[in-house]
Amino acid sequence: MGQTFAQKILARKAGLEEVEPGQIVTVQPDKLLTHDNTAAIAKIFREIGVERVARPEINVIVLDHVVPAATEGHATNHQQIRRFVEEQGITHFYDVGEGICHQVLPEKGHALPGYLIVGSDSHTPTHGAFGAFAAGIGRTEAASVMATGEIWLMVPHSFRVVVKGGLPKGVYSKDIVLYIIGDLGADGADYRSVEFAGPVVEEMSIASRMVLCNMAAEMGAKAGVVEPDEKTRSWLTGRTSADFQEVFADPDATYERVIEYDVTELDPQVARPHTVDNMVPITEVAGIRIDQAFIGTCTNGRLEDFRVAARILRGRRIAPNTRLLILPASREVLLAALADGIIADLVTAGAVVLNPGCGPCLGAHQGVMAPGEVTLSTANRNFKGRMGCKEAEIYLASPAAVAASALTGEIADPREFL
Amino acid sequence: MSKEFVFRGRAWVVGDDIDTDMIYHGSYLPLTDPKEMAKHALEYVPGMEDFVERVQPGDILVTGKNFGCGSSREHAVITLQYNDVAAVIAESFSRIFYRNAVNLGFPILEVPDITEEVETGDELEIDANTGRIRNVTKGIEVRGTSLSGLEKEIMTAGGLFGYLKAELQAEE
Numbered sequence: 001m002g003q004t005f006a007q008k009i010l011a012r013k014a015g016l017e018e019v020e021p022g023q024i025v026t027v028q029p030d031k032l033l034t035h036d037n038t039a040a041i042a043k044i045f046r047e048i049g050v051e052r053v054a055r056p057e058i059n060v061i062v063l064d065h066v067v068p069a070a071t072e073g074h075a076t077n078h079q080q081i082r083r084f085v086e087e088q089g090i091t092h093f094y095d096v097g098e099g100i101c102h103q104v105l106p107e108k109g110h111a112l113p114g115y116l117i118v119g120s121d122s123h124t125p126t127h128g129a130f131g132a133f134a135a136g137i138g139r140t141e142a143a144s145v146m147a148t149g150e151i152w153l154m155v156p157h158s159f160r161v162v163v164k165g166g167l168p169k170g171v172y173s174k175d176i177v178l179y180i181i182g183d184l185g186a187d188g189a190d191y192r193s194v195e196f197a198g199p200v201v202e203e204m205s206i207a208s209r210m211v212l213c214n215m216a217a218e219m220g221a222k223a224g225v226v227e228p229d230e231k232t233r234s235w236l237t238g239r240t241s242a243d244f245q246e247v248f249a250d251p252d253a254t255y256e257r258v259i260e261y262d263v264t265e266l267d268p269q270v271a272r273p274h275t276v277d278n279m280v281p282i283t284e285v286a287g288i289r290i291d292q293a294f295i296g297t298c299t300n301g302r303l304e305d306f307r308v309a310a311r312i313l314r315g316r317r318i319a320p321n322t323r324l325l326i327l328p329a330s331r332e333v334l335l336a337a338l339a340d341g342i343i344a345d346l347v348t349a350g351a352v353v354l355n356p357g358c359g360p361c362l363g364a365h366q367g368v369m370a371p372g373e374v375t376l377s378t379a380n381r382n383f384k385g386r387m388g389c390k391e392a393e394i395y396l397a398s399p400a401a402v403a404a405s406a407l408t409g410e411i412a413d414p415r416e417f418l
Numbered sequence: 419m420s421k422e423f424v425f426r427g428r429a430w431v432v433g434d435d436i437d438t439d440m441i442y443h444g445s446y447l448p449l450t451d452p453k454e455m456a457k458h459a460l461e462y463v464p465g466m467e468d469f470v471e472r473v474q475p476g477d478i479l480v481t482g483k484n485f486g487c488g489s490s491r492e493h494a495v496i497t498l499q500y501n502d503v504a505a506v507i508a509e510s511f512s513r514i515f516y517r518n519a520v521n522l523g524f525p526i527l528e529v530p531d532i533t534e535e536v537e538t539g540d541e542l543e544i545d546a547n548t549g550r551i552r553n554v555t556k557g558i559e560v561r562g563t564s565l566s567g568l569e570k571e572i573m574t575a576g577g578l579f580g581y582l583k584a585e586l587q588a589e590e
């Protein structure tokens with residue numbers, strides 16, 4: 001009988017012919033991703049009583065959450081991580097300034113088709129955009145992977161999400177995935193592996209596919225995946241010399257659900273506070289005043305995102321009393337946006353450019369909000385208090401919608417500016 | 419915490435989609451002492467702002483769907499454990515919270531529609547081995563998921579840490 005992507009990859013990693021949803025397998029991940037929480041994980045690792053990391057070559061550590069350090073506490077945390085990296089001979093370490101882990105891993109050739117990736121960050125499913133099976137895990141189990149090189153995983157049931165139709169002007173992969181989350185609910189794909197497929201997904205850039213897989217976490221999914229194709233191979237060219245084996249779902253695989261969406265008539269979407277599935281077409285919230293507009297994060301901090309923002313903002317000036325924050329997902333993205341003149345356009349229009357990292361997304365520094373303020377953001381979460389203030393409101397949308405709204409100082413339909 | 423996974427305690431009932439920022443807000447992530455973490459449990463859940471002052475050891479949290487959605491932070495489990503919450507019964511859990519609970523040896527049960535069967539203050543008896551839950555106050559009994567397989571082995575060892583320690587000792 002046909003097997004899904006999740007079944008095939010987990011069976012292969014477990015050394016089994018076939019696995020069934022619900023089965024628990026013990027597997028050796030190809031990569032273990034950790035970030036600023038590495039010091040806390042290292043502490044648990046030491047308490048387990050193992051001297052050396054079992055497979056240091058699988059460790060990829062990226063400092064991204066609060067970079068550069070905002071307080072002495074954050075600085076000490078980074079220092080402890082650098083010492084651990086040195087002590088354990090971990091070679092894949094990316095210090096302050098390299099970018100967000102979910103952008104740096106693929107750029108440095110650590111997220112490859114057929115890989116099994118686990119990470120102590122809930123947006124680890126992003127790497128599914130490269131045909132990897134990538135799932136978030138907790139700190140104790142990250143420490144356990146360091147100690148043993150293995151992890152237990154339950155084989156998930158799978159959804160196949162097929163996206164068809166023609167993508168209208170001003171509508172992007174962010175709008176598609178927000179719409180899907182609104183439709184399925186914040187727990188709609190809980191514990192599931194979600195395979196994104198169909199002509200619209202095939203047409204998408206790698207960056208746009210990363211948006212889908214990143215946001216799969218917000219429908220509760222264990223993993224999101226887009227199967228690799230020529231675009232994937234071409235994107236990865238020159239980034240790795242590692243061997244990898246592409247994995248594809250069988251055409252006769254059994255899915256718990258197959259869901260089709262036709263996006264031909266789709267409007268730009270907005271998630272209202274305080275849950276990601278609180279979805280409406282942008283036309284229903286247009287006119288709501290915003291204090292801050294934020295373009296960046298592991299969801300929408302890539303070149304194509306800033307390119308569309310610059311297209312809207314070039315030669316114009318953002319609204320008075322509105323702040324626009326720009327946060328490139330990595331040094332590579334920042335350099336490309338500089339070379340393209342995009343950064344100059346955005347800064348001239350009134351934007352503040354932040355260094356690559358997670359920035360204000362998790363409310364620790366750089367653009368924390370005040371009570372009563374409203375932010376329109378390209379991030380993946382709008383939970384109460386997410387950006388550092390529980391009396392503030394966060395709306396989520398595409399980079400084009402955020403750029404248009406920065407211009408007007410209120411939530412604005414990007415189609416009027418393109 | 420009872421190794422037998424049998425508990426009796428008062429219920430606290432909350433709704434759907436309680437996310438990890440509501441259970442344990444991101445601004446407290448730098449805290450490392452579990453006793454300090456415990457002071458912020460459920461602080462962002464509407465109506466539960468004074469939970470840590472009113473919770474009694476052995477109390478049981480009863481929640482709607484998708485409990486613990488959001489971040490991978492283990493603090494969300496630890497903050498409940500260090501308030502001596504005996505267990506969480508949810509209509510469903512988000513997967514990382516579920517994994518973290520198992521790996522930290524914190525009892526969790528899934529029971530459909532449990533928030534319709536229980537009110538805050540009800541006395542509950544839980545047997546996580548069988549998934550049986552008795553609402554003593556209302557005199558009703560419902561059944562949820564029971565612990566089994568590797569998950570039960572990990573839980574019985576008090577979590578992944580204890581499980582690994584035992585495994586490593588067995589190898590020596």
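Heads up: the sequence lines are chains U and B, in that order.
First residue of the first sequence: 1, per the numbering used here; consecutive thereafter.
First residue of the second sequence: 419, per the numbering used here; consecutive thereafter.
No residue lacks a Cβ here, since even glycine has one placed at the ideal position from N, Cα and C.
Checklist entry - Can you tell me whether DSSP reads U:Val19 as helix, strand or coil? => result coil
Next on the checklist: Strictly below 8 Å CB to CB, what residues from chain U border B:Ser564?
Outcome noted: By Cβ distance, chain U contributes nothing, its closest Cβ being about 14 Å from B:Ser564, past 8 Å.
Checklist entry - From U:Gly2 to B:Ser512, what distance separates their C-alpha atoms? => result 28 Å
Next on the checklist: On the criterion of 16 or more Cβ atoms from any shown chain inside 10 Å, does B:Glu589 qualify as buried, or is it exposed?
Outcome noted: exposed
Item to check | Residues of its chain near U:Gly73, where Cβ-Cβ distance is below 6 Å and the 5 sequence neighbours each way are ignored | outcome: none
Checklist entry - In chain U, what lies closer than 7 Å to B:Asp439 by C-beta? => result Phe383, Lys384, Gly385 and Arg386
Checklist entry - In this structure, does DSSP put U:Asp347 in helix, strand or coil? => result A quick correction: the sequence has Val, not Asp, at residue 347 of chain U. Note: U:Val347 maps to helix in three-state DSSP.
Checklist entry - So is U:Leu105 buried or exposed if we call it buried at 16+ other beta carbons inside 10 Å? => result buried
Checklist entry - Are the C-beta of U:Lys13 and some C-beta of chain B separated by less than 8 Å? => result no
Item to check | Whole-angstrom distance between U:Val161 and U:Gly224, CA atom to CA atom | outcome: 10 Å
Checklist entry - With a CB to CB cut of under 6 Å and the five nearest residues on each side skipped, what residues in its chain are close to B:Ala456? => result Thr497, Tyr500 and Asn501
Next on the checklist: Does any residue of chain U have a CB that is nearer than 8 Å to the CB of B:Glu454?
Outcome noted: no
Item to check | Residues within the segment 175-191 of chain U neighbouring chain B, beta-carbon criterion of under 7 Å | outcome: Ala186, Asp187, Asp190 and Tyr191
Item to check | Spatially closest choice to U:Gly188 from U:Phe244, U:Thr140 and U:Arg257, by CA coordinates | outcome: U:Arg257
Checklist entry - Straight-line CA distance for B:Gly580 to U:Thr38? => result 20 Å
Next on the checklist: In the DSSP assignment, the beta strand (DSSP E) including U:Ala197 goes from what residue to what residue?
Outcome noted: Ser193 to Ala197
Checklist entry - From the beta carbon of U:Arg139, is the nearest beta carbon of chain B less than 8 Å away? => result yes
Item to check | Cβ neighbour criterion (16 or more within 10 Å) applied to B:Ser420 | outcome: Residue placement at B:Ser420 cannot be trusted, given a pLDDT of 45 that sits under 50; what the coordinates show is reported in the next sentence. Exposed is the call here.
Checklist entry - What residues match up with B:Tyr462 in a beta bridge as DSSP calls it? => result Beta-bridge pairing links B:Tyr462 to no other residue.
Item to check | For U:Pro281: DSSP bridge partner residues | outcome: U:Gln269
Next on the checklist: Closest to B:Ile478 by C-alpha separation, out of B:Leu578, B:Leu586, B:Ile526 and B:Gly549, would be which residue?
Outcome noted: B:Ile526
Checklist entry - Whose CA, out of U:Ile343, U:Glu304, U:Val308 and U:Ala349, lies closest to the CA of U:Gly315? => result U:Ala349
Item to check | U:Gln292, DSSP secondary structure in three states | outcome: strand
Item to check | Spatial neighbours of U:Glu150 in its chain, beta-carbon cut-off 6 Å, leaving aside the 5 residues before and after | outcome: Thr26 and Gln28
Next on the checklist: For the structure I just gave you, are there three or more beta carbon pairs, one from the segment 235-255 of chain U and one from the segment 210-221 of chain U, closer than 8 Å?
Outcome noted: no
Item to check | Per-residue DSSP class, three states only, for U:Arg160 | outcome: strand
Checklist entry - Quick one: which chain B residues come within Cβ less than 9 Å of U:Thr148? => result Leu582, Glu585 and Leu586
Next on the checklist: Pull the bridge partners of U:Asp175 from the DSSP assignment, please.
Outcome noted: Looking at the DSSP assignment, U:Asp175 forms no beta bridge with any residue, so it has no partner.
Checklist entry - Quick one: which chain B residues come within Cβ less than 9 Å of U:Gly73? => result Pro448
Item to check | B:Gly427, DSSP secondary structure in three states | outcome: strand
Item to check | Opening and closing residue of the alpha helix (DSSP H) in which B:Tyr581 lies | outcome: Leu578 to Glu589
Checklist entry - Closest Cβ-Cβ distance between B:Asp435 and chain U: below 8 Å? => result yes
Checklist entry - B:Phe579 versus chain U: which residues are under 9 Å apart at the beta carbon? => result Ile44, Glu47, Ile48, Thr140, Ala143 and Ser144
Checklist entry - When burial is assigned at 16 or more other CB atoms within 10 Å of the CB, is B:Ser510 buried or exposed? => result buried
Next on the checklist: Using 8 Å for Cβ pairs, my map puts U:Ala406 next to U:Leu324. What's the rounded Cβ distance?
Outcome noted: 4 Å
Next on the checklist: Counting only beta-carbon separations shorter than 8 Å, does U:Ala392 have a partner in chain B?
Outcome noted: no
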